[in-house]
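To start, the structure under review is shown below, and the notes come after it.
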Amino acid sequence: MLPAKCRQGLARSLAIACCLLLFGGNARAQGFSITELQYQGGSSFGEYPTSPPGFQNILTLQHASGWDYGENFFFLDMKCCEGADANRDMYLEWYPFLSLGAITGQDYSWGPIKGIGPLGGLNWGAQAKVLKITPGFRFQLDLPGFAFANLDYLYMVDRNQGLAAGGAPKESNSHLIDFNWALPFEVAGGTFSLEGHGEWHSPRSNELGASLPYWVLLQPQLRIDLGKALAGEAGRFYAGIEFHLWINKFGFEDADEVLPQLLLVYRF
4 MLPAKCRQGL ARSLAIACCL LLFGGNARAQ GFSITELQYQ GGSSFGEYPT SPPGFQNILT
64 LQHASGWDYG ENFFFLDMKC CEGADANRDM YLEWYPFLSL GAITGQDYSW GPIKGIGPLG
124 GLNWGAQAKV LKITPGFRFQ LDLPGFAFAN LDYLYMVDRN QGLAAGGAPK ESNSHLIDFN
184 WALPFEVAGG TFSLEGHGEW HSPRSNELGA SLPYWVLLQP QLRIDLGKAL AGEAGRFYAG
244 IEFHLWINKF GFEDADEVLP QLLLVYRF
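Whatever position you read off the sequence shown (first residue = 1), add 3 for this note's numbering.
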């Protein structure tokens, strides 16, 4: 069971997340709209290479929707840890996408690419006082069997408050390439999905003069539609595992993390 302090912090964080969702819901959404509350629990090596292992609980509010001219995606992580980093934290990413095909009425498909357009957004972390503005572009891919597949490029413009404000060190601007996908399939009457993302973040430097290496982060999830399997209610409750592979975590050389985490999902 979560400590009382963690439960209170996560409750406040969830209230903030719901306000964000309601605010974002005023957009003229069309096509699809998916909102999930996810729980992940498992070991964590902590924020720094010297941190001892501990247990980590994460609640994630995640939303994706399509509208006339593009798509919208955000997630808010609310983290509570024991051991390595006994604290609470919030982390948010938001990515709006505009489809050039929808805007101009032209067909931009070519080979496996079915659409292109500008992609933007921001990354924000509460405890580290991190803020990155992320202009870029997206290739929407048409891959057999996939519910969706995107290849994104983002230019990471650092707007961190830095050490002077008690946050993480300011960093030079950098580049990020991300592949995100969902692949549904069925096995022995069960409905599954393999989904998630994998990213490469370029080397950079920080305000201390340190050179930070690239990182590679892979977060695939294997889910089963538990509601359908147990009660015949499809598309509502999921369970599974998220495999977490982070090479050079946060840009620390040889700070690698390889962890499985329990995954529980409720879809609104």
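Beta carbons are placed, not taken as given, at the ideal position from N, Cα and C, and that holds for glycine.
From a predicted model like this one, the values you see are computed outputs, not experimental measurements.
- Contact fails between the stretch 188 to 199 and the stretch 160 to 180, because fewer than three Cβ pairs, one in each stretch, are under 8 Å apart.
- Following the DSSP letters along the chain, one finds ALA167 in no beta strand (DSSP E), marked with neither H nor E.
- In the structure shown, the three-state DSSP call for LYS173 is coil.
- Taking C-beta separations shorter than 8 Å and ignoring five residues to either side along the sequence, the partners of TYR72 in its chain run LEU101, SER102, ALA105, ILE106, following chain order.
- Apart from the 5 residues on each side of it in sequence, LEU146 sits with its Cβ closer than 6 Å to the Cβ of ALA152 in its chain, given in chain order.
- DSSP places GLY212 in the coil class of the three-state scheme, outside both helix and strand.
- Counted as a single uninterrupted DSSP element, the alpha helix (DSSP H) harbouring LEU233 occupies residues 229 to 234.
- Beyond the five residues adjoining it in sequence on each side, TYR156 comes within less than 7 Å, by CB distance, of GLY139, PHE140, ILE180 in the same chain, given in chain order.
- Sixteen is the threshold: since fewer than 16 other Cβ atoms of the shown chains lie within 10 Å of the Cβ of LEU211, the residue is exposed.
- In the three-state reduction of the DSSP assignment, PHE253 falls in the helix class.
- By the Cβ-count criterion, PHE271 is exposed, with fewer than 16 other Cβ atoms from all chains shown falling within 10 Å of its own Cβ.
- Under the Cβ criterion (8 Å, minimum of three pairs), the stretch 233 to 241 does not count as touching the stretch 206 to 223.
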